[in-house]
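Asker: So for the sequence shown, the UniProt record's numbering puts the first residue at 1; every next one is plus one. The following block contains the structure, expressed as structure tokens.
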Amino acid sequence: MDNVPVTGHEILEAKRISHYSNQQLILLVGEGDFSFASSLATAFGSATNIVATSLDSKGDLLIKYGTNAELNTSNLARRGALVLHSFDACYMSLQHQFRFTGLHRIVFNFPHAGYLWRGEHHPTMMAKHKELVRLFFANAKEMLLPEGQVHVSHKLGHPYDGWLLEEQAESGGLTLLKRVPFHQEQFPGYRNRRGQGSKAGSTFKLGKADTYIFTASNTEQCASKLKDEALSKMLSLDKLVQVKALKERAIRKLRASEVTPLHRVVADEVARLENLILKLGTKKLRTLETLRSVVQLMNKSGRLRKELQK
């Protein structure tokens, strides 16, 4: 991996890896050692469009996966991705501190409800797995753009077919668009890992697996969300990175000998803008007034950037 920092300032050239593009705002849930997210980030170059999450706390993550997790999360952070821990995919649309909306892709690779003393075939375990994916689908539906997709990669055969993914998705308002074979080699560096049990952190044999691609059953129910893909990008992480970089530039100016009263005003204003944008970015956009506020903030930050570059 190269060590060139990614600032998020440049207009990104479109890049793809499998079903994913750096032009999409992507939420990844249930990451193990973050190697899948890191693979996407490396392919994109800049990963300011990625939110990568794990159920594990940061401490548990390092205990389970060690150096691999540390390297992967460092790669993500350096490329501009947002990395979150203790993120529960079953309740993600309700967690105010983690509230995202207007997503193009929500991805859950090989969901698993954990291990009990019973085997995978036991009815209790099957029920736990079904509940996990059912709650995930219901929450994911609330966070999608009307044309967005939910991707779940899942092993084939018994007992995994018994999870009835399509049925669980339908209960959450999602419809199967298609199924495509999952090929691990398409994602260089990705290693599937066990999340719990005595073998936590170790890899497991995938065998045959598919990626199930779902869309919202009724897009009219998404009327309160952003319907124009370009407007969703107003709240992309790339924009937040730009504002943060602007703030840092202002602080450097303040510390320099050529500091002027204008620089102090600009620095204060940029800090205020950053806080406002972050607050707006964590709310569901339900009105055109809110959207206009975001656009105005972005335009204002652009004018301030020109002042700092003088």
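Yeah, the Cβ is synthetic: ideal placement off N, Cα and C, and Gly gets one too.
Is it the case that the Cβ atoms of Phe87 and Thr53 are separated by a distance below 7 Å?
Answerer: Within the sequence shown, numbered from 1, the residue matching residue 87 stands at position 87. Within the sequence shown, numbered from 1, the residue matching residue 53 stands at position 53. Cβ atoms of Phe87 and Thr53: closer than 7 Å.
Asker: Here's the rule I'm using: 16 or more other beta-carbon atoms within 10 Å means buried, otherwise exposed. How should Leu122 be labelled?
Answerer: Within the sequence shown, the letter at position 122 stands for residue 122. According to the sequence shown, residue 122 is His rather than Leu. His122 comes out exposed.
Asker: Cβ of Ala140 within 7 Å of Cβ of His129?
Answerer: Within the sequence shown, numbered from 1, the residue matching residue 140 stands at position 140. Within the sequence shown, numbered from 1, the residue matching residue 129 stands at position 129. Result no, Cβ atoms of Ala140 and His129 do not sit closer than 7 Å.
Asker: Between which two residues does the alpha helix (DSSP H) containing Asn75 stretch?
Answerer: One-based indexing of the sequence shown puts residue 75 at position 75. That run of the alpha helix (DSSP H) goes 58 to 78.
Asker: In chain order, which continuous runs of the alpha helix (DSSP H) of length 4 or greater are located wholly inside the segment 116 to 175?
Answerer: Counting whole runs of 4 or more residues, the segment 116 to 175 contains the alpha helix (DSSP H) stretches 123 to 141, 165 to 171.
Asker: In angstroms with no decimal places, state the Cα-to-Cα distance between His19 and Glu31.
Answerer: Locating residue 19 in the sequence shown gives position 19, counting from the first residue. Locating residue 31 in the sequence shown gives position 31, counting from the first residue. Going by the C-alpha atoms only, they are around 17 Å apart.
Asker: Could you tell me which residues DSSP pairs with Ser21 in its beta bridges?
Answerer: Reading the sequence shown from its first residue, position 21 is the one you call residue 21. According to DSSP, which records beta bridges pairwise, Ser21 is partnered with Arg16.
Asker: Any idea which residues DSSP pairs Lys178 with across the strands?
Answerer: Here the question's residue 178 lines up with position 178 in the sequence shown. In DSSP, Lys178 forms a bridge with Ile213.
Asker: I'd like to check one pair, Lys15 with Phe44: are the Cβ atoms closer than 7 Å?
Answerer: Numbered from 1 along the sequence shown, position 44 holds the residue referred to as residue 44. Numbered from 1 along the sequence shown, position 15 holds the residue referred to as residue 15. Closer than 7 Å, so yes.
Asker: What is the DSSP secondary structure of Leu82, reduced to helix, strand or coil?
Answerer: Numbered from 1 along the sequence shown, position 82 holds the residue referred to as residue 82. Correct three-state label for Leu82: strand.
Asker: Quick one, are the C-beta atoms of Leu40 and His104 less than 7 Å apart?
Answerer: For the purposes of this step, residue 40 is taken as the residue at position 40 of the sequence shown. For the purposes of this step, residue 104 is taken as the residue at position 104 of the sequence shown. Their beta carbons are not under 7 Å apart, which means Leu40 does not touch His104 by this criterion.
Asker: With DSSP run on the structure shown, which of helix, strand or coil describes Phe187?
Answerer: In the sequence shown, counting from the first residue as 1, residue 187 sits at position 187. Correct three-state label for Phe187: coil.
Asker: On the CB-based measure, 16 or more other CB atoms within 10 Å of its CB, does Thr175 come out buried or exposed?
Answerer: Against the sequence shown, residue 175 aligns to sequence position 175. Exposed, by the Cβ-count rule.
Asker: Based on the DSSP secondary-structure assignment, which residues constitute the bridge partners of Leu27?
Answerer: Position 27 of the sequence shown, counted from the first residue, corresponds to residue 27. Beta-bridge pairing links Leu27 to Val51, Ile106.
Asker: Taking the alpha carbon of Lys178 as the point to measure from, which residue in Ala89, Glu185, Leu94, Tyr212 has its own alpha carbon closest?
Answerer: Sequence index remark: in the sequence shown, residue 178 carries index 178 (1-based). Among Ala89, Glu185, Leu94, Tyr212, the Cα nearest to that of Lys178 is on Tyr212.
Asker: Asp161: buried (16+ other C-beta within 10 angstroms of its C-beta) or exposed?
Answerer: Within the sequence shown, the letter at position 161 stands for residue 161. It counts as exposed.
Asker: Is Ser171 closer than 7 Å to Ala209 when the C-beta atoms are compared?
Answerer: The sequence position of residue 209 within the sequence shown is 209, counting from 1. The sequence position of residue 171 within the sequence shown is 171, counting from 1. Contact: no.
Asker: Is Val29 near Phe110, with beta carbons less than 7 Å apart?
Answerer: Residue numbering aside, residue 29 sits at position 29 when the sequence shown is read from its first letter. Residue numbering aside, residue 110 sits at position 110 when the sequence shown is read from its first letter. Contact: no.
Asker: Is the beta carbon of Ala89 closer than 7 Å to that of Val83?
Answerer: Position 83 of the sequence shown holds residue 83. Position 89 of the sequence shown holds residue 89. No, the Cβ-Cβ distance between Val83 and Ala89 is not below 7 Å.
Asker: In angstroms, rounded to a whole number, what distance separates the CA positions of Gly207 and Glu166?
Answerer: On the sequence shown, position 207 is the one that residue 207 refers to. On the sequence shown, position 166 is the one that residue 166 refers to. Going by the C-alpha atoms only, they are around 20 Å apart.
Asker: Within the 7 Å Cβ cut-off, does Leu61 reach chain C?
Answerer: Of the protein chains in the structure, only one exists, and it is not chain C.
Asker: So, using beta-carbon positions, are Thr42 and Gln149 closer together than 7 Å?
Answerer: Locating residue 42 in the sequence shown gives position 42, where the first residue counts as 1. Locating residue 149 in the sequence shown gives position 149, where the first residue counts as 1. Going by C-beta atoms, Thr42 is not nearer than 7 Å to Gln149.
Asker: Does Gln24 pass the burial test, meaning 16 or more other C-beta atoms within 10 Å, or should it be called exposed?
Answerer: For this step, residue 24 is matched to residue 24 along the sequence shown. Buried.
Asker: Whose CA, out of Lys205, Gly66, Met125, Asn218, lies closest to the CA of Thr156?
Answerer: The residue labelled residue 156 in the question sits at position 156 within the sequence shown. Per the sequence shown, residue 156 should be read as Leu rather than Thr. Closest option to Leu156, Cα to Cα, is Lys205.
Asker: To the nearest angstrom, how far is it from the Cα of Gly102 to the Cα of Asn218?
Answerer: As a working note, residue 102 is residue 102 in the sequence shown. As a working note, residue 218 is residue 218 in the sequence shown. Rounded to the nearest angstrom, the two C-alpha atoms are 16 Å apart.
Asker: Going by beta carbon distance, what residues of the same chain come within less than 8 Å of Trp163, once the five residues before and after it are set aside?
Answerer: As a position in the sequence shown, residue 163 is number 163, starting the count at 1. For Trp163, where only same-chain residues beyond five positions count, the Cβ hits under 8 Å are Met126, His129, Lys130, Val133, His154.
Asker: What's the C-alpha gap between Ile17 and Phe187?
Answerer: For the purposes of this step, residue 17 is taken as the residue at position 17 of the sequence shown. For the purposes of this step, residue 187 is taken as the residue at position 187 of the sequence shown. Approximately 8 Å between the Cα atoms of the pair.
Asker: For my contact list, Ser38 and Gly189 are in at a C-beta cut-off of 8 Å; report their separation, rounded to the angstrom.
Answerer: Position 38 of the sequence shown holds residue 38. Position 189 of the sequence shown holds residue 189. That pair is a contact at about 6 Å.
Asker: Using CA atoms only, rank isn't needed, just tell me which of Val51, Glu185, Leu55, Met92 is closest to Leu135.
Answerer: In the sequence shown, counting from the first residue as 1, residue 135 sits at position 135. Here the closest residue by C-alpha is Met92.
Asker: Since I believe Leu55 is in contact with Ile106 (beta carbons under 8 Å), could you give me their beta-carbon distance rounded to a whole number of angstroms?
Answerer: The count along the sequence shown starts at 1 and reaches residue 106 at position 106. The count along the sequence shown starts at 1 and reaches residue 55 at position 55. Not quite, the Cβ-Cβ distance comes to about 15 Å (not below 8 Å), so this is no contact.
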